[in-house]
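>
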Amino acid sequence: MAQQVKAVIARAKGASVEVTTIVVPDPGPGEAVVRIQACGVCHTDLHYREGGINDEFPFLLGHEAAGIVESVGEGVTEVGPGDFVVLNWRAVCGQCRACKRGRPQYCFATHNAKQKMTLLDGTELSPALGIGAFAEKTLVAAGQCTKVDPAAEPAVAGLLGCGVMAGIGAAINTGGVGRGDSVAVIGCGGVGGAAVLGSRLAGAAKIIAVDIDDRKLAGAQKLGATHVVNSRTTDPVEAIRALTDGNGADVVVEAVGRPETYTQAFYARDLAGTVVLVGVPTPEMKLELPLLDVFGRGGALKSSWYGDCLPSRDFPMLIDLYLQGRLDLGAFVTETIELDGVEQAFARMHEGDVLRSVVVL
């Protein structure tokens with residue numbers, strides 16, 4: 001039987017979000033209804049509200065979530081009622097050419113729930129990243145539910161659903177950071193901070209955090225940065241080279257998504273080093289680099305989508321490390337709020353006052 005629950009929606013571009021009642025249908029084949037316990041407020045949600053993703057309003061916002069599976073549809077075997085899960089926006093298909101090659105983290109046909117959640121008048125909602133978790137309950141594809149240890153705090157576990165996983169994965173999965181490496185991270189918000197944390201976890205010897213905000217640099221130090229550079233006052237390429245014996249870093253993670261910072265990352269890496277782009281650019285942005293420099297410097301220029309993660313592999317592992325005290329995921333939770341605090345959380349995010357506000361239900 002369909003349920004009516006409270007949720008946060010964005011009705012129009014730039015309009016303040018609102019708490020309203022939505023309708024969540026019973027799960028169909030391959031689907032699950034999840035009772036949300038916590039959901040982080042991510043920049044992507046703000047992009048949806050501002051029309052920066054698409055114009056398929058109204059949006060049901062929220063996607064960095066953890067909760068309890070309430071019910072499942074026909075054919076679902078991977079999770080069941082009562083399971084504590086972290087939601088992800090990449091339910092793999094198992095049938096595409098990437099999956100069949102044994103590379104499901106690159107699945108080309110990820111999917112979401114087929115049914116739509118609606119407003120009371122029947123207006124269909126577009127769930128953010130196919131999740132829509134600023135809600136008491138949400139409907140997702142069962143493959144979007146990753147079972148993890150229920151001892152984890154929901155407010156912390158849910159952050160793996162997007163930004164934290166993107167940053168950790170950019171360093172470890174995409175960048176291949178290893179013991180003794182030098183790493184530079186340009187842009188130290190939530191994703192960049194997670195790249196710092198991931199580099200520390202991987203055993204990097206030198207982790208250089210670059211940002212224009214001293215508050216974010218201080219946060220990066222708490223997450224494991226060994227050096228910080230304020231690029232508003234210091235040339236970051238020169239600073240990174242100076243800190244790496246004139247060579248440049250083995251891996252540079254660009255977590256801003258702008259041509260200027262990508263160019264800095266390109267020239268701040270060592271010969272045969274790796275640049276990882278995890279910051280999300282806008283459609284109009286263009287990059288111009290001398291092709292001879294691309295050839296002559298060797299190495300790799302990579303893009304990292306969702307940290308090249310495989311949720312079924314990576315989420316449980318990272319939660320285990322968190323519970324062992326080896327991965328300080330709690331450092332990302334700046335504040336906890338209620339559903340009606342999302343609009344204010346967007347304002348604090350815009351001002352750079354928080355790493356993550358987390359809605360706790």
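Residues in the sequence shown are numbered from 1 upward in steps of one, following UniProt numbering.
Note that CB positions come from ideal geometry on N, CA and C, so glycine has one too.
From the DSSP output, in three-state form, read off Q115 for me.
Counting from one through the sequence shown, the residue named residue 115 turns up at place 115. If DSSP states are grouped into helix, strand and coil, Q115 belongs with coil.
> Indicate the three-state DSSP secondary structure (helix, strand or coil) for A141 in the structure shown.
Here residue 141 refers to the residue found at position 141 when the sequence shown is read from its first residue. If DSSP states are grouped into helix, strand and coil, A141 belongs with the strands.
> Looking at the secondary structure, which residues open and close the alpha helix (DSSP H) in which A155 lies?
One-based indexing of the sequence shown puts residue 155 at position 155. It spans 154-157 - the alpha helix (DSSP H) in which A155 sits, taken as one unbroken run.
> Keeping to the same chain, check which residues put their C-beta closer than 6 Å to that of A204; ignore five residues upstream and five downstream.
Locating residue 204 in the sequence shown gives position 204, counting from the first residue. Contacts found: V177, D181, V183.
> In its own chain, which residues sit with a C-beta less than 7 Å from the C-beta of E64, not counting the 5 before and 5 after it?
Residue 64 sits at position 64 when you count from the first residue of the sequence shown. Within the same chain, E64 has close Cβ partners C39, G40, C42, G158, L159, G161, C162, G163.
> For V130, which residues from the same chain have a beta carbon less than 6 Å from its beta carbon, with the 5 sequence-adjacent residues on both sides left out?
As a working note, residue 130 is residue 130 in the sequence shown. Checking the sequence, you will find Gly at residue 130 rather than Val. If we look at G130 and ignore the five residues flanking it on each side, its Cβ neighbours are W89, N112.
> Looking at the structure shown, is D45 part of a helix, part of a strand, or coil, going by DSSP?
The residue you call residue 45 lines up with position 45 of the sequence shown. Of the three classes helix, strand and coil, the one that applies to D45 here is helix, per DSSP.
> DSSP puts I9 in a beta bridge; with which residues?
Counting from 1 along the sequence shown, the entry for residue 9 is found at position 9. Note: I9 sits in a beta bridge opposite E18, L60.
> Taking 7 Å as the threshold (C-beta atoms), are A300 and V253 in contact?
One-based indexing of the sequence shown puts residue 253 at position 253. One-based indexing of the sequence shown puts residue 300 at position 300. No, the pair does not count as a contact, with Cβ atoms beyond the cut-off.
> N1: which of G28, E18, R11, V19 sits nearest, CA to CA?
Your numbering for residue 1 matches position 1 in the sequence shown. Checking the sequence shown, residue 1 turns out to be Met, not Asn. The option with the nearest alpha carbon to M1 is G28.
> Exposed or buried, N173, counting other C-beta atoms within 10 Å across all chains shown (16 or more means buried)?
Taking the first residue of the sequence shown as 1, we reach residue 173 at position 173. Counting of Cβ neighbours within 10 angstroms places N173 among the buried residues, the total reaching 16 or more.
> Tell me, to the nearest whole angstrom, how far the beta carbon of K286 is from that of P259; I am working on the premise that it is less than 8 Å.
In the sequence shown, residue 286 corresponds to position 286, counting from 1. In the sequence shown, residue 259 corresponds to position 259, counting from 1. Confirmed, about 7 Å.
> A250 by DSSP, collapsed to three states: which one?
Working through the sequence shown from its first residue, we reach residue 250 at position 250. Strictly speaking, residue 250 in this sequence is Asp, with Ala absent from that position. If DSSP states are grouped into helix, strand and coil, D250 belongs with the strands.
> With DSSP collapsed to three states, give me the class of N230.
As a working note, residue 230 is residue 230 in the sequence shown. Strand.
> CB-CB under 7 Å to K137, same chain, minus the five flanking residues each way: which ones, in chain order?
The count along the sequence shown starts at 1 and reaches residue 137 at position 137. For K137, where only same-chain residues beyond five positions count, the Cβ hits under 7 Å are Q3, V5, V24, V33, V34, R35, I36, E70.
> Suppose you measure from the CA of L329 to the CA of V148; what does that come to, to the nearest Å?
Along the sequence shown, one-based indexing puts residue 329 at 329. Along the sequence shown, one-based indexing puts residue 148 at 148. Taking the straight line from one Cα to the other gives about 15 Å.
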